[in-house]
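Protein chains in written order, with numbering that gives the first Met the number 0: chain A, 0 to 149; chain B, 0 to 149.
Just so it is clear, CB atoms sit at the ideal spot from N, CA and C, and this is done for glycine as well.
Keep in mind the model is a prediction, meaning the values are calculated, not measured.
Protein chains: 2
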Amino acid sequence: MQDDGSTAEDQTLDQMVCFAIYSAGHAMNRVYKPLLDALGLTYPQYLVMLVLWERDDLTVGQLGERLFLESSTLTPLLKRLEAAGLLRRVRDSLDERQVRLLLTDAGRRRRGDAAAIPACVIKATGRSLVELRRLQAELESLRRSLHEAA
Amino acid sequence: MQDDGSTAEDQTLDQMVCFAIYSAGHAMNRVYKPLLDALGLTYPQYLVMLVLWERDDLTVGQLGERLFLESSTLTPLLKRLEAAGLLRRVRDSLDERQVRLLLTDAGRRRRGDAAAIPACVIKATGRSLVELRRLQAELESLRRSLHEAA
DNA sequence: TGCGATCGAATCGCGCGCAATATAGTCGCG
DNA sequence: CGCGACTATATTGCGCGCGATTCGATCGCA
Numbered sequence: 000m001q002d003d004g005s006t007a008e009d010q011t012l013d014q015m016v017c018f019a020i021y022s023a024g025h026a027m028n029r030v031y032k033p034l035l036d037a038l039g040l041t042y043p044q045y046l047v048m049l050v051l052w053e054r055d056d057l058t059v060g061q062l063g064e065r066l067f068l069e070s071s072t073l074t075p076l077l078k079r080l081e082a083a084g085l086l087r088r089v090r091d092s093l094d095e096r097q098v099r100l101l102l103t104d105a106g107r108r109r110r111g112d113a114a115a116i117p118a119c120v121i122k123a124t125g126r127s128l129v130e131l132r133r134l135q136a137e138l139e140s141l142r143r144s145l146h147e148a149a
Numbered sequence: 000m001q002d003d004g005s006t007a008e009d010q011t012l013d014q015m016v017c018f019a020i021y022s023a024g025h026a027m028n029r030v031y032k033p034l035l036d037a038l039g040l041t042y043p044q045y046l047v048m049l050v051l052w053e054r055d056d057l058t059v060g061q062l063g064e065r066l067f068l069e070s071s072t073l074t075p076l077l078k079r080l081e082a083a084g085l086l087r088r089v090r091d092s093l094d095e096r097q098v099r100l101l102l103t104d105a106g107r108r109r110r111g112d113a114a115a116i117p118a119c120v121i122k123a124t125g126r127s128l129v130e131l132r133r134l135q136a137e138l139e140s141l142r143r144s145l146h147e148a149a
């Protein structure tokens, strides 16, 4: 059966890699949570704000491409950020199908409050910047392969 | 030491690593979904079945320790697996606080139906077993560091 | 024996995350 | 202009995932 030299352990390796990603993601979330609670943001909301802090006036679709998320995920999340006063959702007057995301002053100000987070999380990983950079590149490459396969 | 990048990039490295884990997890899920749909399982349900196929008669708490999940996540999930006829949830007669998880014959049989999944997923990663094993070890080590930090 | 502390699981409320679907707006073409 | 195809976002239904809380069972200890 296993003419490629793999063993019974190899048979479940995908499960272990996937579970490793899955559980590392949860562990990350648990580190971020107390830091983000202080900002009144969830982790996905924080990701949205990171994108918009870099450049706002994006459409929902453009944001979804950056984050690999669907409008069914983003629309309610963005409404909550709007309700929190961090951004405005404005129909594009040239193409009323699109919704443009504009940071409010309050939304822009929150960037400063979030400035301390990266260092905290890097510290919690217990890893060097070089190691983190390599891990990141590896995971991004893996994500691209999985996208192609799907 | 080489000059390997600007400070500004370092400031956001944690975000990029975390996002890489986060989005790779979603990409994994999208690969698993069609495979698991055929079995009538979700990914978390599949993880539970993997643990129980290895050894059942665990308590909810023991299962949670293996998967790093809380009873508030597992209880409803386990009820769905019970409703699907894959396992039984039985109060331990010696300690009625605990619930023991026992696979049904149908639950045990489903193991065979799932046998093809690992190879499919490994193929989708486009990576060698050696690479996957290393990535797995790295992520598990990261998870341990994050647990300690939290 | 009694009774408070603790424990394991269950429940509740909320926010994702997505597939399927709906709705509204735009475009292409006769 | 009118109509069908297409596009962007929104809605719905379901299953996580967790913190906070509850509930019944068990333990500790006088």
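Neighbourhood of S5 of chain B by C-beta distance below 7 Å, restricted to the same chain and skipping five residues each side: If you number the second sequence from 1, residue 5 of chain B lands on position 6. Per-residue confidence for S5 of chain B stands at a pLDDT of 42, beneath the threshold of 50, marking its modelled position as unreliable; the derived number appears in the next sentence. So the list is empty, once near-sequence residues are dropped.
Top-ranked residue by Cα proximity to L102 of chain A, from A:C119, A:E81, A:A115: Position 103 of the first sequence, counted from the first residue, corresponds to residue 102 of chain A. Checking every option, the nearest Cα to that of L102 of chain A belongs to A:E81.
Closer than 8 Å to chain A by CB, Q44 of chain B: Numbered from its first residue, the second sequence carries residue 44 of chain B at position 45. No, Q44 of chain B does not count as interfacial toward chain A.
Three-state secondary structure (DSSP) of T58 of chain A: Against the first sequence, residue 58 of chain A aligns to sequence position 59. Reduced to three states, the DSSP call for T58 of chain A is strand.
8 Å contact criterion, which T41 of chain A and L35 of chain A should meet: CB distance rounded: In the first sequence, counting from the first residue as 1, residue 41 of chain A sits at position 42. In the first sequence, counting from the first residue as 1, residue 35 of chain A sits at position 36. Contact flag correct, Cβ pair sits at about 6 Å.
Where V120 of chain B falls, given that 16 or more other Cβ within 10 Å makes a residue buried: Residue mapping note: residue 120 of chain B aligns to position 121 of the second sequence, counting from 1. It counts as buried.
Touching by the beta-carbon criterion (3+ pairs, under 8 Å), the stretch 98 to 113 of chain B and the stretch 131 to 142 of chain A: no
Segment contact, 8 Å Cβ cut-off, at least three pairs: the stretch 136 to 148 of chain B with the stretch 116 to 130 of chain A: yes
Cβ of S22 of chain A within 8 Å of any chain B Cβ: As a position in the first sequence, residue 22 of chain A is number 23, starting the count at 1. Chain B contact via Cβ: present.
When B:I116, B:R87, B:A105 are compared against Q14 of chain A, the one with the closest alpha-carbon: Taking the first residue of the first sequence as position 1, residue 14 of chain A is located at position 15. The option with the nearest alpha carbon to Q14 of chain A is B:I116.
Whole-number beta carbon distance between V30 of chain B and A148 of chain A, since they are thought to touch under 8 Å: For the purposes of this step, residue 148 of chain A is taken as residue 149 along the first sequence, with counting starting at 1. For the purposes of this step, residue 30 of chain B is taken as residue 31 along the second sequence, with counting starting at 1. Rounded, the Cβ-Cβ distance is 6 Å, consistent with contact.
Three-way DSSP call (helix, strand, coil) for L86 of chain B in this model: Reading the second sequence from its first residue, position 87 is the one you call residue 86 of chain B. In the structure shown, L86 of chain B sits in a strand (DSSP, three-state: E or B).
C-beta neighbour in chain B for V141 of chain A, strict 8 Å: On the first sequence, residue 141 of chain A is found 142 positions in, with the first residue counted as 1. Rather than Val, the amino acid found at residue 141 of chain A in this sequence is Leu. Yes, contact with chain B.
Residue nearest to A26 of chain B in terms of C-alpha spacing, selected from A:M27, A:L77, A:V16: In the second sequence, the residue the question calls residue 26 of chain B occupies position 27. For the residues A:M27, A:L77, A:V16, the minimum Cα distance to A26 of chain B belongs to A:V16.
Integer-rounded CB distance, given that L57 of chain A should sit under 8 Å from L51 of chain A: Working through the first sequence from its first residue, we reach residue 51 of chain A at position 52. Working through the first sequence from its first residue, we reach residue 57 of chain A at position 58. About 7 Å; that satisfies the 8 Å criterion.
In DSSP terms, what R142 of chain B is bridged to: Your numbering for residue 142 of chain B matches position 143 in the second sequence. DSSP lists no partner for R142 of chain B.
F18 of chain B versus V129 of chain B - alpha carbon distance: Counted from its first residue, the second sequence places residue 18 of chain B at position 19. Counted from its first residue, the second sequence places residue 129 of chain B at position 130. Approximately 24 Å between the Cα atoms of the pair.
The stretch 26 to 40 of chain B: positions lying closer than 8 Å to chain A by Cβ: A26, M27, R29, V30, Y31
Short CB-CB distance (under 8 Å) between V120 of chain A and chain B: Indexing the first sequence from 1 puts residue 120 of chain A at position 121. Yes, V120 of chain A lies at the interface with chain B (some Cβ there is under 8 Å from its Cβ).
Helix, strand or coil at R99 of chain A according to DSSP, with G and I counted as helix: What you label residue 99 of chain A is simply residue 100 of the first sequence in a count that begins at 1. If DSSP states are grouped into helix, strand and coil, R99 of chain A belongs with the strands.
Three-way DSSP call (helix, strand, coil) for G63 of chain B in this model: Along the second sequence, read from residue 1 onward, the residue named residue 63 of chain B stands at position 64. Note: G63 of chain B maps to helix in three-state DSSP.
Where R133 of chain B sits in the DSSP three-state scheme: Translated into positions along the second sequence, residue 133 of chain B becomes position 134. In the structure shown, R133 of chain B sits in a helix (DSSP, three-state: H, G or I).
Residues within the stretch 43 to 63 of chain A neighbouring chain B, beta-carbon criterion of under 7 Å: L46, L49
Buried versus exposed call for L93 of chain A [16 or more other C-beta atoms within 10 Å across all chains shown]: Position 94 of the first sequence, counted from the first residue, corresponds to residue 93 of chain A. Exposed: under 16 other Cβ atoms inside 10 Å.
Amino acids of chain A, ordered along the chain, whose beta-carbon sits closer than 7 Å to that of D112 of chain B: Counted from its first residue, the second sequence places residue 112 of chain B at position 113. Those within 7 Å of D112 of chain B in chain A number zero; the least Cβ separation is about 15 Å.
Chain B contacts made by the stretch 76 to 90 of chain A, where a contact means CB separation under 7 Å: none
Buried versus exposed call for S39 of chain A [16 or more other C-beta atoms within 10 Å across all chains shown]: Residue numbering aside, residue 39 of chain A sits at position 40 when the first sequence is read from its first letter. The question names Ser, yet the displayed sequence has Gly at residue 39 of chain A. When all chains shown are included, G39 of chain A counts as exposed.
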